[in-house]
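Working notes, beginning with the structure itself.
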Amino acid sequence: MTLISSTANPRVSKLQRLHTTRGRKKSGQCLLEGPHLLLALLDAGMVPLEVYYQPEVMQRQAETRLLLERVKNAELGEQQLFEVSERVMEAISDVQTSQGIVCVMDLAAFEAATVTRRRAPASRPALLILDDLADPGNMGTIMRTALAADVERVLLTPNCVDCFNPKVIRSAAGAHLFLPVERNVNWDEIQERVRAHCQERVLMAEAHSPNVYFDLDLVAPFALIIGNEAHGPSQAARALATIPVAIPQAAGIESLNAAMAAGILLYEAVRQRSVARR
4 MTLISSTANP RVSKLQRLHT TRGRKKSGQC LLEGPHLLLA LLDAGMVPLE
54 VYYQPEVMQR QAETRLLLER VKNAELGEQQ LFEVSERVME AISDVQTSQG
104 IVCVMDLAAF EAATVTRRRA PASRPALLIL DDLADPGNMG TIMRTALAAD
154 VERVLLTPNC VDCFNPKVIR SAAGAHLFLP VERNVNWDEI QERVRAHCQE
204 RVLMAEAHSP NVYFDLDLVA PFALIIGNEA HGPSQAARAL ATIPVAIPQA
254 AGIESLNAAM AAGILLYEAV RQRSVARR
């Protein structure tokens, strides 16, 4: 085990670069921070490339002490497990108050084909398309909700926020491990995926549509487009959509948060499937 006590250590700079989209793309790696995400990795049988931890923080609670023992018993070599000082942890952490542990993962571990193999086979009617979504918190929350609602996969258009942004990873709370996500998918490719999944049954969240979400059949396969928070769906999204769908709102309310809208629509599909199985 190696101790890193100085922020001048070259590994610190390397980890800081993983906070940026460019750094992640160049290295093919990302950071996952906090005991919850590391526990989820280990429970899924995934071993991080590197783990950096602050001993005094990890020793405070029984749960984190047990997690640290699991990490030490994992297949990590001497140059994969590092103790770090408080200053170093603050330098490599993306949050104001660190939880004492950060790990490095290969982005290839989260490729859609790899993630699909971790899931149990099932019929999943919903295909989710995020159209130029910009807010990391919304992206992560939608991913977490999509996994909970058992969405088949998520397609991200090229102008979406990076789904490995640290804020997205925190908000997604482990969804990256089991939710297949395809990044930088152009609209020709999206159209192909839609046809394979549900022919041309494409719903698009649209605040003032006459089609109310609970009047639609969401048991049959469908695609759902959630548009950009500020500008709404793009022209390409509107061209592909066949069913604009609204969520009723009280007078004077312009629109719902993108993550909230996605959750309502996806869970109406869950509800309808549950009723259909009775």
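Heads up, the sequence shown is in the numbering used here, so the first residue is 4 and it goes up one at a time.
The C-beta atom is built at its ideal place from N, Cα and C for all residues, glycine as well.
With a cut-off of 8 Å on the beta carbons, I'd call residue i and residue j a contact; round off their distance for me.
{"i": "residue 1", "j": "residue 115", "result": "Absent from the model: residue 1. The displayed extent of the chain is 4 to 281, so no value can be given."}
{"i": "residue 3", "j": "residue 86", "result": "A query on residue 3 cannot be resolved here, the shown segment of the chain reaching from 4 to 281 and no further."}
{"i": "residue 181", "j": "residue 118", "result": "6 Å"}
{"i": "residue 272", "j": "residue 152", "result": "7 Å"}
{"i": "residue 136", "j": "residue 257", "result": "Actually they are not in contact, since the Cβ atoms of residue 136 and residue 257 sit about 18 Å apart, beyond 8 Å."}
{"i": "residue 197", "j": "residue 259", "result": "Wrong, their Cβ atoms sit about 24 Å apart, outside the cutoff."}
{"i": "residue 230", "j": "residue 134", "result": "5 Å"}
{"i": "residue 305", "j": "residue 54", "result": "The structure shown does not extend to residue 305, since the chain spans only 4 to 281, so no value can be given for it."}
May I ask you to list the residues that DSSP assigns as paired with residue i?
{"i": "residue 247", "result": "207"}
{"i": "residue 235", "result": "231"}
{"i": "residue 5", "result": "85"}
{"i": "residue 32", "result": "109"}
{"i": "residue 181", "result": "According to DSSP, which records beta bridges pairwise, residue 181 is partnered with nothing at all."}
{"i": "residue 279", "result": "Answer is none; residue 279 lacks a bridge partner."}
How would you label residue i, buried or exposed, when you count the other beta carbons within 10 angstroms and need 16 or more for buried?
{"i": "residue 281", "result": "exposed"}
{"i": "residue 52", "result": "exposed"}
{"i": "residue 254", "result": "exposed"}
{"i": "residue 101", "result": "buried"}
{"i": "residue 274", "result": "exposed"}
{"i": "residue 73", "result": "exposed"}
{"i": "residue 215", "result": "exposed"}
{"i": "residue 96", "result": "buried"}
{"i": "residue 179", "result": "buried"}
{"i": "residue 62", "result": "exposed"}
Consult DSSP for residue i and reduce its assignment to one of helix, strand or coil.
{"i": "residue 256", "result": "coil"}
{"i": "residue 199", "result": "helix"}
{"i": "residue 215", "result": "strand"}
{"i": "residue 186", "result": "coil"}
{"i": "residue 53", "result": "strand"}
{"i": "residue 115", "result": "helix"}
{"i": "residue 63", "result": "coil"}
{"i": "residue 226", "result": "strand"}
{"i": "residue 74", "result": "helix"}
{"i": "residue 131", "result": "strand"}
{"i": "residue 122", "result": "coil"}
{"i": "residue 98", "result": "coil"}
{"i": "residue 159", "result": "strand"}
Measuring only the C-alpha atoms, how far is residue i from residue j?
{"i": "residue 120", "j": "residue 47", "result": "12 Å"}
{"i": "residue 77", "j": "residue 50", "result": "7 Å"}
{"i": "residue 159", "j": "residue 90", "result": "36 Å"}
{"i": "residue 66", "j": "residue 132", "result": "37 Å"}
{"i": "residue 250", "j": "residue 207", "result": "11 Å"}
{"i": "residue 68", "j": "residue 183", "result": "31 Å"}
{"i": "residue 219", "j": "residue 228", "result": "15 Å"}
{"i": "residue 38", "j": "residue 109", "result": "18 Å"}
{"i": "residue 98", "j": "residue 170", "result": "9 Å"}
{"i": "residue 29", "j": "residue 13", "result": "17 Å"}
{"i": "residue 22", "j": "residue 185", "result": "20 Å"}
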